[in-house]
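Residue numbering for the sequence shown follows this note's numbering, starting at 49 and increasing by one per position. What follows is a single structure, written as C-alpha cells, with notes after it.
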Amino acid sequence: MENIVLHTKDLTKTYQYTTALDHVNLTLYRGHIYGFIGNNGAGKTTLMRAIMGLTFPDSGVLSLFGETGIRNLERNRSRIGALIEQAVGYDYMTARQNMIYRRMISKSKGVHDIDGLLDRLSIHPRDVGKKTLKNYSVGMRQRYGVAAALLGEPEFLVLDEPTSGLDPAGTRDLRELFLELNQRHGTTMLISSHILGELYQIATDFIFINRGKIMCEMTHEELEAACKGYLSIDDFFLDLVAREEGRK
Numbered sequence: 049m050e051n052i053v054l055h056t057k058d059l060t061k062t063y064q065y066t067t068a069l070d071h072v073n074l075t076l077y078r079g080h081i082y083g084f085i086g087n088n089g090a091g092k093t094t095l096m097r098a099i100m101g102l103t104f105p106d107s108g109v110l111s112l113f114g115e116t117g118i119r120n121l122e123r124n125r126s127r128i129g130a131l132i133e134q135a136v137g138y139d140y141m142t143a144r145q146n147m148i149y150r151r152m153i154s155k156s157k158g159v160h161d162i163d164g165l166l167d168r169l170s171i172h173p174r175d176v177g178k179k180t181l182k183n184y185s186v187g188m189r190q191r192y193g194v195a196a197a198l199l200g201e202p203e204f205l206v207l208d209e210p211t212s213g214l215d216p217a218g219t220r221d222l223r224e225l226f227l228e229l230n231q232r233h234g235t236t237m238l239i240s241s242h243i244l245g246e247l248y249q250i251a252t253d254f255i256f257i258n259r260g261k262i263m264c265e266m267t268h269e270e271l272e273a274a275c276k277g278y279l280s281i282d283d284f285f286l287d288l289v290a291r292e293e294g295r296k
C-alpha cells in the first residue's frame with residue numbers, strides 16, 4: 049500500500065442529468081507519470097477536483113497515500129500540488145506576492161524556494177515578474193499556476209491541461225521540468241491534455257476516459273504497440289471512443 053498514491057473504488061459523481069464519474073476504479077502508483085486522456089466533458093476535471101476535495105463524490109471510495117476518511121484526506125492533500133482548470137491567485141498581486149501568501153497559509157513541510165520556482169518558469173522579477181496577475185497573458189498565468197503547484201515540493205502533482213496557452217518553447221520547458229521532477233525526486237503525476245503527442249513524450253502510463261467511465265489503462269509500451277497501424281495517438285484515441293460508443 050505504501051507505493052499507492054491514489055486509489056478509487058466505484059467513484060461516482062452526478063450533476064443533475066449528467067454522470068460525470070461512473071464507478072471509476074483507479075490505482076496510481078508512486079513514481080509514475082499518468083497521461084489522462086478524454087474529450088471535453090469526459091470526467092477528467094471532475095476526478096481531479098474530487099482528488100483535491102473541490103467536489104465530493106455521490107458514492108464510492110477515494111484514498112490518498114493509503115488512507116481514507118475526511119481528516120486523513122485533508123492532511124494528505126498537503127502532499128499534493130494541483131493546477132485545475134485555471135491558476136488561482138489574487139489579480140492585484142504579482143506572482144511572487146501570491147506565492148509568498150500561499151507559502152504562509154500552506155501546511156506543506158517541503159522547501160519553498162519561490163524565487164527559484166519563478167525563475168525556472170521564466171517569471172523573472174526584473175521583467176514580467178513586476179506585473180500583477182491581471183496583466184498576465186494566458187500562457188504566463190499558466191506558468192504561474194505550475195509554479196504555485198510546485199510550491200512545497202509535492203509528492204503528487206495533479207495537472208489539468210498545464211500546457212494550455214503556452215507556445216512551443218513554453219511547452220518544451222514544462223516537459224523538461226516534469227521529466228526532471230519525476231526522475232530526480234520520483235514525483236508522481238496525473239496530467240490531462242488535449243495535446244496527446246505531448247503526453248506521449250512524458251507519460252509512463254495512460255488512462256482513457258469517456259462519459260465518466262474508464263475505457264482502458266495502458267503502459268507506454270502497450271500504447272506504442274496499440275498505435276501501430278494508426279497515423280497518431282489521436283487517431284487511436286478517436287477509434288477507441290468510437291468503438292466504446294458502438295457498444296452502447
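Glycine residues also receive a C-beta, built at the ideal position from the N, C-alpha and C atoms. Please read all numbers here as calculations on a predicted model, not as lab measurements.
Helix or strand or just coil, what does DSSP make of residue i?
i	result
Ala130	strand
Gly91	coil
Asn51	coil
Leu181	helix
Glu201	coil
Note the first and the last residue of the continuous alpha helix (DSSP H) segment covering residue i.
i	result
Tyr140	Run containing Tyr140: none; DSSP gives neither H nor E here.
Glu228	216–233
Asp163	162–168
Phe286	Looking at the sequence itself, residue 286 is Leu, so the reference to Phe does not match. Segment 281–294, the alpha helix (DSSP H) holding Leu286.
Tyr192	186–198
Glu122	118–124
Under the DSSP definition of a beta bridge, which residues are partnered with residue i?
i	result
Val109	Lys57
Val206	Ala130, Leu238
Asp253	Tyr82, Thr267
Lys261	Asn258
Thr66	Tyr63
Tyr77	Ile52
Glu115	Leu112
From residue i to residue j, what distance separates their C-alpha atoms?
i	j	result
Glu122	Gly277	45 Å
Tyr248	Asp106	33 Å
Lys57	Ala135	29 Å
Gly79	Arg223	16 Å
Lys92	Pro210	13 Å
Thr35	Phe84	Any answer about residue 35 is impossible in this case: the structure gives the chain only from 49 up to 296.
Ser154	Ser126	8 Å
Gly86	Asn258	6 Å
Arg150	Leu286	40 Å
Asp283	Gly89	19 Å
Met100	Gly234	20 Å
Leu244	Ser280	9 Å
Leu288	Val206	24 Å
Thr219	Gln64	36 Å
Ile262	Asp70	8 Å
Ile171	Asn124	29 Å
Glu269	His55	23 Å
Asn120	Leu214	36 Å
Phe104	Thr62	10 Å
His242	Asn183	26 Å
Glu293	Leu229	37 Å
Measuring CB to CB, does residue i end up less than 8 Å from residue j?
i	j	result
Gln190	Ser212	yes
Leu198	Leu165	yes
Leu59	Leu110	yes
Leu227	Arg168	no
Tyr192	Gly129	no
Gly260	Ala98	no
Ile250	Ile81	yes
Phe204	Val53	yes
Thr236	Leu74	no
Met147	Ala195	yes
Asp208	Ser185	no
Leu118	Arg144	The residue asked about is misnamed: residue 118 is Ile in this sequence, not Leu. It is not a contact, given that the beta carbons lie outside the stated cut-off.
Ile132	Met96	yes
Met152	Leu181	no
Glu265	Asp253	yes
Glu50	Gly114	yes
For residue i, decide whether its Cβ has a neighbour in chain D, counting only Cβ atoms nearer than 8 Å.
i	result
Asn88	Here chain D cannot be found, since the structure has a single protein chain.
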